[in-house]
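This report concerns only the one structure given below.
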Amino acid sequence: MNAHAPNTSEWAGALSVEVWGTTDRGRVREGNEDTVFPHNDARTYTFEPKPEQLRQKGQLLLVADGVGGARAGSEASRWVRRVVVERYYDSPDPNPFSALPAVIEQANAALYQYIQSTGLPDAGSTIVAAVIFQNLLYVAHVGDSRAYLVRQGKAYPLTRDHTLTELKLQRGLITPEQALTDPDRGVLVRSMGAAPTVQVEVLQQPVPLAPGDVVLLCSDGLTDVLSDEDIARFVNGRSLREVARRLIAEANRRGGPDNISVVLARVGGKAAPVPKVARPRPAGSRAAPLQGFTSSQKRVLLALAVALAVVLCALAAVLAWTAYTGNRGGGGPGATATPTSALTATVLPGPGAQATATPTGEPGRPTSTPVPTPTPTPTRRPPTPTWTPTSTPMPTEVPSPPPPPPSGGEQPQPATPPPTKETKTPPSPPPGGEQPPGGG
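Now the structure itself:
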């Protein structure tokens with residue numbers, strides 16, 4: 007039995023799945039070469055799996071990013087979407103781990119034949135597809151469209167880009183910082199339709215899902231301008247429709263250099279809770295003096311403050327009586343000398359400090375002049391401990407990153423130059439051949 011085959015006995019406890027998908031042209035491109043499934047904002051592709059198909063095959067998610075420019079890229083991505091979606095739900099294979107890459111390979115072969123018949127060798131597409139079936143997540147992809155698992159406020163990448171920049175990064179030719187601005191980020195070394203066959207990269211182990219987990223598929227129009235941290239920040243605690251709208255709006259605000267597509271799925275039917283963080287204080291504000299102390303520590307500090315007040319009051323009374331008796335004697339020969347002792351109260355720093363009285367001066371020394379009122383000695387204030395909010399993370403299963411490529415390194419598949427997203431002339435339909443699907 008295949009180690010990745012799902013356990014059908016778990017179906018009765020499967021979590022509910024909420025999905026939302028949409029795509030946007032961006033601010034630079036003249037057209038939109040991306041396609042998604044499901045697509046909630048359009049009715050041009052109306053295929054919907056039947057309840058029985060969903061029960062047997064799970065929920066399929068897909069993003070395809072066409073390359074080749076203008077109509078060529080758009081037709082290529084639509085072709086990929088149609089073949090993958092429809093053949094997956096028609097496949098007799100009940101195991102998503104094997105069925106998903108198989109239909110992607112079939113879509114590649116069909117797209118390659120179509121491209122060759124139209125005479126547009128530069129056309130092609132990327133694809134990232136996922137299946138949520140019986141609380142498990144299966145992922146397969148070709149190209150630089152990505153999949154993420156967003157869990158408890160963090161976005162975990164589940165795919166790696168099939169680009170020249172990624173190859174240079176894996177071989178140590180550039181640093182991760184240099185990869186962010188590398189000019190070869192958009193040069194694909196693996197894509198759909200570039201050759202009769204394609205190597206589909208599959209997540210080696212399905213990811214167990216928990217209530218509140220969010221799965222995100224997206225094109226590079228989103229990840230080129232938003233970091234993983236940005237994505238996690240926008241996903242938390244909102245409806246999927248609002249998440250999609252805000253992600254696309256933020257990508258457009260940062261320039262929208264490419265088409266932007268997102269497909270989201272939340273399991274369990276509830277949004278993951280937003281982690282609580284301490285609110286930043288306004289500039290120039292001061293923290294509360296007792297912030298961070300426990301109740302027992304506060305009681306000790308209060309007792310010390312009361313003791314200190316009593317000592318100071320006693321000192322003031324002694325000094326006042328001394329001054330009074332000195333004035334009555336007028337400083338003459340019959341004046342009575344009153345021995346005094348000056349007390350300085352010292353507070354020990356930190357919680358549990360105690361007030362101590364230290365005698366100063368020489369007690370018993372007579373004086374015939376009034377004792378002046380001394381200036382109170384400044385005391386050190388207990389330092390306010392720095393308080394940092396902490397939280398105990400819930401034990402979760404963090405998805406393992408995809409395995410590294412073979413020791414020889416991954417080589418570009420096509421013998422021709424790698425595809426780039428440049429505008430090409432519209433393709434003519436193949437004579438007598440299979441027609442591309444309409445609408446997207």
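The numbering used here runs 6 ahead of the 1-based position in the sequence shown. Built from N, CA and C at the ideal position, the CB exists for glycine as well.
Under the three-state DSSP convention, the category residue i falls into
i, result
"glutamate 39", "coil"
"leucine 308", "helix"
"valine 25", "strand"
"valine 221", "strand"
"arginine 33", "coil"
"arginine 61", "helix"
"glutamate 207", "strand"
"alanine 329", "helix"
"threonine 169", "strand"
"alanine 136", "strand"
"glycine 79", "helix"
"alanine 20", "coil"
"aspartate 96", "helix"
"arginine 87", "helix"
"lysine 56", "coil"
Span of the beta strand (DSSP E), counted from its first residue to its last, around residue i
i, result
"glutamine 5", "For residue 5 there is no data in the structure shown, the boundaries of the chain being 7 and 446."
"proline 163", "160-163"
"leucine 215", "From DSSP, leucine 215 is part of no beta strand (DSSP E); its letter is neither H nor E."
"leucine 155", "152-157"
"leucine 228", "Element bounds for leucine 228: not the beta strand (DSSP E) but the alpha helix (DSSP H), 226-229."
"tyrosine 144", "142-148"
"alanine 271", "266-273"
Residue environment, residue i, which counts as buried when at least 16 other CB atoms sit within 10 Å
i, result
"lysine 63", "buried"
"tryptophan 327", "exposed"
"threonine 124", "buried"
"threonine 132", "buried"
"serine 225", "buried"
"phenylalanine 53", "exposed"
"serine 233", "exposed"
"alanine 146", "buried"
"glutamine 210", "exposed"
"proline 212", "buried"
"aspartate 188", "buried"
"threonine 181", "exposed"
"alanine 322", "exposed"
"valine 316", "exposed"
"leucine 143", "buried"
"threonine 169", "buried"
"glutamate 172", "buried"
"valine 23", "buried"
"proline 437", "Caution applies to proline 437, whose pLDDT of 40 falls short of 50 and renders its modelled position unreliable; the value that the coordinates give is listed next. Per the 10 Å Cβ criterion, exposed."
"alanine 238", "buried"
"arginine 157", "buried"
"aspartate 99", "exposed"
"valine 312", "exposed"
Terminal residues of the alpha helix (DSSP H) in which residue i lies
i, result
"tyrosine 118", "102-124"
"leucine 253", "246-259"
"phenylalanine 240", "234-241"
Sheet register partners of residue i (DSSP bridge)
i, result
"glycine 130", "Val73"
Residue i: CB within 6 Å of a non-hydrogen atom of the ligand MG
i, result
"tyrosine 154", "In terms of ligand content, the structure shown is empty, and the ligand MG therefore cannot be addressed."
Every unbroken alpha helix (DSSP H) within the stretch 177-205, with a cutoff of 4 residues, ordered by chain: 182-185
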